[in-house]
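One structure below.
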Amino acid sequence: MLNAFAYSKPNRALGTFQRLQDELNASLVEFRNGLMATQGSPSLNVWQKEGVYLIRLELAGVEEDSVKLETFKNELKISGERQLNHTGTDQTGIEVIKSERHSGAIERQLQFPFHIDSSKTHASLKNGILEIHLSPVAELGPTQIRIEGQKPVEDSAAKSN
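Residue numbers (my numbering): 1 to 161.
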């Protein structure tokens with residue numbers, strides 16, 4: 001005989017199931033958002049040796065003319081554009097079946113624990129890899145500012161000679 005009272009609280013069982021379903025849905029949304037956040041953000045590696053930093057980014061399919069590097073204080077901003085046809089038929093009449101590569105604007109911003117010396121920063125793009133060499137601004141010591149009309153302060157080392 002079936003016990004009619006065995007599941008007398010179906011709302012509790014359904015509530016547990018609903019809570020688990022909500023947690024699963026939330027984790028899938030977080031996962032999807034994480035993937036979307038990395039689209040247009042090229043992969044990179046950063047190395048440091050003797051005060052010089054080397055950064056390499058994957059920029060396959062990005063034209064050199066579209067790449068822009070900007071520095072401001074301790075930030076390096078890298079931007080560009082990758083032109084790919086994702087749907088339909090391309091210029092040569094070939095139909096695109098599947099496309100997983102990101103097309104459109106790309107951007108990456110890096111912050112360093114120092115101000116960047118843009119005069120010592122240089123970059124090259126070869127075989128789809130952007131290579132950037134940058135150095136921190138040399139630390140400046142204290143300087144003395146002479147008041148107009150005031151005699152120049154003599155160096156103490158020059159006095160002793």
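Beta carbons: idealized from backbone N, C-alpha and C, even for Gly. Note that this is a predicted model, so its numbers are computed, not measured.
Nearest to residue 130 by CA position, among 22, 104, 65, 26, is which residue? 65
### Message
Looking at the secondary structure, which residues open and close the beta strand (DSSP E) in which residue 91 lies?
### Response
Taken as a continuous stretch (DSSP letters only), residue 91 belongs to no beta strand (DSSP E), as it is neither H nor E.
What number of angstroms, rounded off, separates the C-alpha of residue 59 from the C-alpha of residue 139?
33 Å
key: Beta-carbon proximity check, residue 106 vs residue 42, cutoff 8 Å   = yes
I'd like to check one pair, residue 68 with residue 172: are the Cβ atoms closer than 8 Å? What is shown of the chain runs 1 to 161, which leaves residue 172 out entirely.
Practice prompt. Measure the C-alpha to C-alpha separation of residue 149 and residue 75 and round it to an integer number of angstroms.
Written response: 40 Å
Exposure of residue 134, with buried meaning 16 or more beta-carbon neighbours within 10 Å:
buried
Three-state class that DSSP yields for residue 57 in the structure shown
strand
Using DSSP bridges, identify the partner residues of residue 81. 105
(request) Please state whether DSSP places residue 25 in a helix, a strand or coil. (result) helix
Note to self: Quick check: what's the CA-CA separation for residue 112 versus residue 49?
What the structure shows: 15 Å
Any non-hydrogen atom of the ligand SAH closer than 7 Å to residue 21 Cβ: What this structure holds is no ligand at all, so the ligand SAH is not there to describe.
How many angstroms separate the CA atom of residue 56 from the CA atom of residue 125? 10 Å
Handout entry: Extent of the continuous beta strand (DSSP E) to which residue 63 belongs
Key = Unbroken run through residue 63: none, as it is neither H nor E.
DSSP state of residue 72, grouped into three classes?
strand
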